[in-house]
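Data block below; observations after.
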Amino acid sequence: MTMEKLIIEGRHPLNGEIKISGAKNAALPILAASLLTTSPIQISNIPHLQDVTTIVSLLGQMGVKITLDERSNIEVDASSLDSFQAPYELVRTMRASILVLGPLLSRFGEAEVSLPGGCAIGTRPVDQHLKGLKAMGAEIILQNGYIKAKAKKLKGATIVMDMVTVTGTENLIMAAVLAEGQTIIHNAAREPEVEDLANFLNTLGAEISGAGSQTISINGVKALRGGKYHVLPDRIETGTYLAAAVITSGKIKLKNTRPDFLKSVLLKFEETGAIIDTGEDWISLDMKGNRPHAINFSTAPYPAFPTDMQAQMMAVNSIAQGTGVITETVFENRFMHVQELIRMGARIELKGNTAICTGTDKLHGAPVMATDLRASASLVLAGLAAKGETAIDRIYHIDRGYECIEEKLTQLGARIHRIPSETKD
Ligand code: UD1
578 MTMEKLIIEG RHPLNGEIKI SGAKNAALPI LAASLLTTSP IQISNIPHLQ
628 DVTTIVSLLG QMGVKITLDE RSNIEVDASS LDSFQAPYEL VRTMRASILV
678 LGPLLSRFGE AEVSLPGGCA IGTRPVDQHL KGLKAMGAEI ILQNGYIKAK
728 AKKLKGATIV MDMVTVTGTE NLIMAAVLAE GQTIIHNAAR EPEVEDLANF
778 LNTLGAEISG AGSQTISING VKALRGGKYH VLPDRIETGT YLAAAVITSG
828 KIKLKNTRPD FLKSVLLKFE ETGAIIDTGE DWISLDMKGN RPHAINFSTA
878 PYPAFPTDMQ AQMMAVNSIA QGTGVITETV FENRFMHVQE LIRMGARIEL
928 KGNTAICTGT DKLHGAPVMA TDLRASASLV LAGLAAKGET AIDRIYHIDR
978 GYECIEEKLT QLGARIHRIP SETKD
């Protein structure tokens, strides 16, 4: 892996317009779901991201033919699938690889997927995925670090999830689509990306209803056909650029996005003092040159405040007027950015899963280290607001989830560039 750093010279207010990319967390399950049909599929608005490259390599290893073009379109042909294994080398770089489990089991009657293992933001078990598949008749054993699943024919079942899990809900939807009979998933995740996956599968002939609500029902069908689909915009990328405007007291407009998926986030930005205007597919935000006010919130599953925006909001609170209290309820140990923000002058106190942050207008640039995807985004934001130069190391984390981040920020007037890093990993 070539190591690179981002160098940011702070204190340039952002101003201008950019386009938002397709959603990473919708593109990944949709690409995994393409395993379910032998007919060709065309998917547009696929973001150019390391995580997409990872799932494309994973599908490629299984014998799926994939053609990519520069305009974010992908053609997938899974008719010649000849392997049902997701190896450790790929799964360990991206937990979302677990998304191939449901479709492989459904298509082959057999799947071997490496256990994802620990990750920087907590243990993140997959027990709910496995419990649901067992309820549908799968035999599952854990052996040598692999999940080995078998089922001659999956059967519809009523499943009550013990907690809201996004990829868990998605895996069970994909398993149920070709199962015999009806599956009902209670306490399902309501994230827009779950709904996007269901809409995609329905265009191929699946019978899924209730996606986007807490109860999803799926009537199994014999086979899926091919089709075309356009991935929805990335709400977390959208929120991150809005935070960049807030933290630099700037003014920006984001196009190709969906304000209706960001209600909880937009309300919090308004509390910082931002003036927000929206249309069907755009959002504008203007700080009128003012420093933001601190905000309080707890993260929780959609439609509440997303955990994937927590770190970015911590960066906003670190330069805000007043004290903000943030509680993380979705993941344990998702405060890796806090120590790095403190190196830049932030005043944050951690008490269990709560971070109390008293704003300062004196963040200063420093060498910092990216630890996970959203933590890295919060360091970029802090760098945009800090006096002097910030050097962010291990930015491969950022490339997993932000398409052309330095190009987009440069277009908005930020001073940011990438250089090779000497760090050995
Ligand atoms: C997805 C998103 C990720 C986001 C997260 C929460 C994708 C590819 N990734 O991750 O960006 O941060 O939702 O919004 O869509 N859990 C269990 N057992 C399980 C499954 C989950 O205990 O079987 C726990 C997790 O440890 C976590 C919580 O449930 O504490 C939510 O996790 P989950 O919604 O599953 O996250 P992901 O789907 O991995």
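Heads up, the sequence shown stops at 1002 in this note's numbering, and the numbers go up one at a time, no gaps.
No residue lacks a Cβ here, since even glycine has one placed at the ideal position from N, Cα and C.
Across which residues does DSSP place Asn592 in a beta bridge pair?
-> Counting from 1 along the sequence shown, the entry for residue 592 is found at position 15. Asn592 pairs with Lys828.
Measure the alpha-carbon distance for Leu862 versus Lys832 and round it to whole angstroms.
-> On the sequence shown, position 285 is the one that residue 862 refers to. On the sequence shown, position 255 is the one that residue 832 refers to. So the alpha carbons of these two residues sit roughly 12 angstroms apart.
State buried or exposed for Met946, treating a residue as buried only when at least 16 other CB atoms are found within 10 Å of its CB.
-> Looking up residue 946 in the sequence shown gives position 369. By the 10 Å Cβ count, Met946 comes out buried.
According to DSSP, residues forming a beta bridge with Thr644 | Taking the first residue of the sequence shown as position 1, residue 644 is located at position 67. Looking at the DSSP assignment, Thr644 forms a beta bridge with Glu652.
Phe908 CB to nearest heavy atom of the ligand UD1 below 7 angstroms | One-based indexing of the sequence shown puts residue 908 at position 331. Result yes, Cβ under 7 angstroms from the ligand UD1.
Is Ala673 near the ligand UD1, going by C-beta to nearest heavy atom under 7 angstroms?
-> As a position in the sequence shown, residue 673 is number 96, starting the count at 1. Yes, Cβ of Ala673 sits closer than 7 angstroms to a heavy atom of the ligand UD1.
Selected residue, minimal CA-CA separation from Leu731, among Gly745, Gln720, Ile750, Pro769 = Position 154 of the sequence shown, counting from 1, holds the residue named residue 731. Nearest C-alpha to Leu731: Ile750.
DSSP-derived helix/strand/coil call for Lys730 = Counting from one through the sequence shown, the residue named residue 730 turns up at place 153. The answer is coil: DSSP assigns Lys730 none of H, G, I, E or B.
For Pro880, does the three-state DSSP call read helix, strand or coil?
-> One-based indexing of the sequence shown puts residue 880 at position 303. Reduced to three states, the DSSP call for Pro880 is coil.
For Leu781 and Gly803, believed in contact at Cβ under 8 angstroms, the rounded distance | Taking the sequence shown and counting its residues from 1, the one referred to as residue 803 is at position 226. Taking the sequence shown and counting its residues from 1, the one referred to as residue 781 is at position 204. Sure, about 7 angstroms apart at Cβ, within 8 angstroms.
Three CB pairs or more closer than 8 angstroms across the stretch 944 to 964 and the stretch 972 to 981 = yes
How many angstroms separate the CA atom of Phe685 from the CA atom of Thr876?
-> Mapped onto the sequence shown, residue 685 falls at position 108. Mapped onto the sequence shown, residue 876 falls at position 299. Cα to Cα, Phe685 sits roughly 38 angstroms from Thr876.
Are Ala788 and Val771 closer than 8 angstroms when you measure CB to CB?
-> Within the sequence shown, residue 788 is the residue found at index 211, counting from 1. Within the sequence shown, residue 771 is the residue found at index 194, counting from 1. Contact flag set, yes.
8 angstroms Cβ cutoff met for Ala921 and Thr967 = Sequence index remark: in the sequence shown, residue 921 carries index 344 (1-based). Sequence index remark: in the sequence shown, residue 967 carries index 390 (1-based). Going by the sequence as given, residue 921 is Met instead of Ala. Yes, these two residues count as a Cβ contact at 8 angstroms.
Taking just the CA atoms, how far does Cys934 sit from Arg995?
-> The sequence position of residue 995 within the sequence shown is 418, counting from 1. The sequence position of residue 934 within the sequence shown is 357, counting from 1. So the two alpha carbons sit approximately 30 angstroms from each other.
State the DSSP-derived secondary structure class of Ile872, mapped to helix, strand or coil.
-> In the sequence shown, counting from the first residue as 1, residue 872 sits at position 295. Note: Ile872 maps to coil in three-state DSSP.
Just list the alpha helix (DSSP H) runs in the stretch 900 to 982, keeping only unbroken ones of 4 residues or longer that don't cross its boundaries, in chain order.
-> 913 to 920, 950 to 962, 973 to 976
Beta-carbon proximity check, Val641 vs Asp654, cutoff 8 angstroms | By one-based count along the sequence shown, residue 641 stands at place 64. By one-based count along the sequence shown, residue 654 stands at place 77. Yes, the pair counts as a contact, with Cβ atoms nearer than the cut-off.
Please specify which runs of the alpha helix (DSSP H), each continuous and at least 4 residues long, are wholly inside the stretch 731 to 761, giving them in chain order.
-> 743 to 754
Classification of Thr735 by the beta-carbon crowding that lies within 10 angstroms, buried from 16 upward = Here residue 735 refers to the residue found at position 158 when the sequence shown is read from its first residue. Exposed, because fewer than 16 other Cβ atoms sit within 10 Å of the Cβ of Thr735.
Kindly examine the ligand UD1 and report whether one of its heavy atoms sits closer than 7 angstroms to the Cβ of Gly745.
-> Here residue 745 refers to the residue found at position 168 when the sequence shown is read from its first residue. True, at least one ligand heavy atom lies under 7 angstroms from that Cβ.
In whole angstroms, what separates the C-alpha of Leu645 from that of Ala881?
-> Position 68 of the sequence shown, counted from the start, is the residue given in the question as residue 645. Position 304 of the sequence shown, counted from the start, is the residue given in the question as residue 881. The straight-line gap from Cα to Cα measures roughly 35 angstroms.
Gln705 beta carbon near the ligand ATP (any heavy atom closer than 7 angstroms) | Ligands displayed in this structure: the ligand UD1; the ligand ATP is not among them.
Looking at Ala775 and Val741, is the spacing between their C-beta atoms short of 8 angstroms?
-> Within the sequence shown, the letter at position 164 stands for residue 741. Within the sequence shown, the letter at position 198 stands for residue 775. In this structure, Ala775 does not lie closer than 8 angstroms to Val741 by Cβ.
Buried/exposed call for Leu612, threshold 16 Cβ in 10 Å = Within the sequence shown, residue 612 is the residue found at index 35, counting from 1. Leu612 is buried by the Cβ-count criterion.
Examine the ligand UD1 and report whether any of its heavy atoms sits within less than 7 angstroms of the Cβ of Thr742.
-> Sequence index remark: in the sequence shown, residue 742 carries index 165 (1-based). Correct: Thr742 has its Cβ closer than 7 angstroms to the ligand UD1.
Residue burial classification, Pro606 (beta-carbon count within 10 angstroms, cutoff 16) | Within the sequence shown, the letter at position 29 stands for residue 606. That one is buried.
Just checking my contact of Thr900 with Ala871 at CB under 8 angstroms: how many whole Å lie between their CB atoms?
-> As a working mapping, residue 900 is identified with position 323 in the sequence shown. As a working mapping, residue 871 is identified with position 294 in the sequence shown. Yes, they are in contact, since the Cβ atoms of Thr900 and Ala871 sit about 6 angstroms apart, within 8 angstroms.
Please find out if some non-hydrogen atom of the ligand UD1 comes closer than 7 angstroms to the beta-carbon of Arg684.
-> Residue numbering aside, residue 684 sits at position 107 when the sequence shown is read from its first letter. No.
Could you say if the stretch 707 to 718 and the stretch 662 to 672 meet the contact criterion of at least three C-beta pairs nearer than 8 angstroms?
-> no
Is the stretch 986 to 993 touching the stretch 678 to 692, taking contact as three or more C-beta pairs under 8 angstroms?
-> no
Would you kindly report the start and end of the unbroken alpha helix (DSSP H) that includes Thr632?
-> Counted from its first residue, the sequence shown places residue 632 at position 55. Residue identity differs from the one stated: residue 632 is Ile in this sequence, not Thr. Unbroken alpha helix (DSSP H) run through Ile632: 627 to 638.
On the three-state DSSP scale, how would you describe Gly679?
-> Counting from 1 along the sequence shown, the entry for residue 679 is found at position 102. Looking at Gly679 - three-state DSSP - the assignment turns out to be helix.
Would you check if the distance between the CB atom of Leu710 and the CB atom of Gly679 is smaller than 8 angstroms?
-> Taking the sequence shown and counting its residues from 1, one reaches residue 710 at position 133. Taking the sequence shown and counting its residues from 1, one reaches residue 679 at position 102. Yes; because the gap between Cβ atoms is below 8 angstroms, this pair is in contact.
With a threshold of 7 angstroms, establish whether the CB of Ala766 neighbours any heavy atom of the ligand UD1.
-> Numbered from 1 along the sequence shown, position 189 holds the residue referred to as residue 766. Within the cutoff, so yes.
Spatial distance of Ile675 from Leu692 (CA atoms) = Indexing the sequence shown from 1 puts residue 675 at position 98. Indexing the sequence shown from 1 puts residue 692 at position 115. Approximately 8 angstroms between the Cα atoms of the pair.
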